[in-house]
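So the structure is just underneath, and the comments pick up after that.
Numbering (our numbering), first residue to last: 50 to 422.
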């Protein structure tokens, strides 16, 4: 194994993972931002609003702020998480920033290690690297991203890609390995150069999932796990149980740590919340039927003639969206935390208007008495 100089400052890796609970919240609260683009808005509008939400999150005690990789979706402007995170890092000071997640099969592990090593250099001790196994898009777009018709998402490929990425992040390929002389920069190799000093932080790896595969793998490797409850609610408790049962203590964590993504929207009036989530559900109907577009307005959703099948989908989808007044959302989040035993709740607010999403995070912070900067 290659040796690298250790910095005298040491950091417990779990300190970069475990969140801090504030106010009366049952667990730490965080934000998942899909950088949604509403009808009549531009991607520029959406990205500006993301900065506002990130600043509010930092000022009100939300623990972390993640963006997710999606492609070929007009209503989601988060195709390049690393670029967005660099932008958010320039406008925040303390908030943890990360990917929820980067879709590992879409990229060469070395590229991801370089991107997140750069982000870590920009915002030391504030970067999370969450990884997913799905393409984050349809098969044709995934093929265009990967420049191949063969989509590697099997049980064998992802663990190998993950191991390679970890080696690049730690700069510890064994002697004789084909990549033994390749280094991800910024990274640990700089500490071995004359006068080099190594940062005590390295972006912690999280595995993301909506089924049992990543839950088991995260447990076996002793990594933190993030589950997509917001679009796979029926699998949440089985996946978390599997993660906890599979968990083996590691140099990263001595006990399981799981967060879940939660779709929640708080508004000043209960009826307004129903209008907003109906519009978001119509957007999902269009996405699921192969017609993705910008997030429609509540007015468009109210005038839309849903088929019986679409109404059934909307009812099922919105049953997993916690929405209403701030008090109603707080009750729903409290219940979800109790039912799942999640260590952290990561809230995603889907609505046509960025102002509605911003207001939702503010109302939830007020409901829990989160601190003000």
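All residues carry an ideal CB built from backbone N, CA and C; glycine is no exception.
Quantities reported herein were computed from a predicted structural model and do not represent experimental measurements.
Asked	Found
Classify residue 140 as buried or exposed, calling it buried when 16 or more other Cβ atoms lie within 10 Å of its own Cβ.	exposed
Can you name, in chain order, every residue of its own chain whose Cβ lies under 6 Å from the Cβ of residue 322, other than the five neighbours on each side?	314, 316, 372, 373
Answer yes if the stretch 72–82 comes into contact with the stretch 388–397, meaning at least three C-beta pairs across the two stretches below 8 Å, and no otherwise.	yes
Ignore the nearest five residues each way along the sequence and tell me which others in residue 294's own chain have a CB closer than 8 Å to its CB.	268
For residue 299, I'd like the list of residues in its chain whose CB is within less than 6 Å of its CB, leaving aside the five on either flank, ordered along the chain.	271
Inspect the CB distances between the stretch 342–353 and the stretch 406–416 and report whether three or more fall short of 8 Å.	no
The beta strand (DSSP E) that contains residue 312, what's its start and end?	307–315
Below 8 Å CB to CB, which residues in the same chain sit around residue 63 once its five sequence neighbours on both sides are set aside?	301, 302, 303, 306
Quick check: what's the CA-CA separation for residue 331 versus residue 85?	14 Å
Return the chain-ordered list of same chain residues with a C-beta closer than 8 Å to the C-beta of residue 133, the five sequence neighbours on each side being excluded.	84, 96, 99, 116, 127
Going by alpha carbons, who is nearest to residue 107 out of 217, 88, 144?	144
Figure out for me which residue from 157, 291, 292, 259 has the closest Cα to the Cα of residue 276.	259
Would you mind reading off the limits of the beta strand (DSSP E) that contains residue 342?	No beta strand (DSSP E) contains residue 342, which DSSP labels as neither H nor E.
Can you tell me where the alpha helix (DSSP H) holding residue 395 begins and where it ends?	Here residue 395 belongs to no alpha helix (DSSP H); instead the beta strand (DSSP E) covers 393–397.
Alpha carbon to alpha carbon, how far is residue 162 from residue 370?	34 Å
Just to confirm my understanding: we take residue 291, look at its own chain, exclude 5 residues before and 5 after, and list those with CB closer than 8 Å. What are they?	261, 264, 265, 268
What are the boundary residues of the alpha helix (DSSP H) that residue 108 is part of?	92–109
Counting C-beta neighbours from all protein chains within 10 Å, is the total for residue 246 16 or more, i.e. buried, or is it exposed?	exposed
Any chance you could list the beta strand (DSSP E) runs of at least 3 consecutive residues sitting entirely within the stretch 106–192, in chain order?	113–116, 145–152, 176–181
For residue 82, list the residues DSSP reports as bridge partners.	116
Look at the Cβ atom of residue 160, then the Cβ atom of residue 118, and state whether they are nearer than 8 Å.	no
Alpha carbon to alpha carbon, what distance is there between residue 335 and residue 308?	28 Å
What's the C-alpha gap between residue 69 and residue 354?	45 Å
Spatial neighbours of residue 346 within its chain, please: CB distance less than 8 Å, with the 5 preceding and 5 following residues excluded, ordered by chain position.	87, 88, 89, 328, 401
By DSSP, does residue 231 sit in helix, in strand, or in coil?	coil
What span of residues does the alpha helix (DSSP H) with residue 413 cover, start to end?	403–416
Kindly give me the distance between the Cβ atoms of residue 377 and residue 319, rounded to whole angstroms, as I take these residues to be in contact under 8 Å.	7 Å
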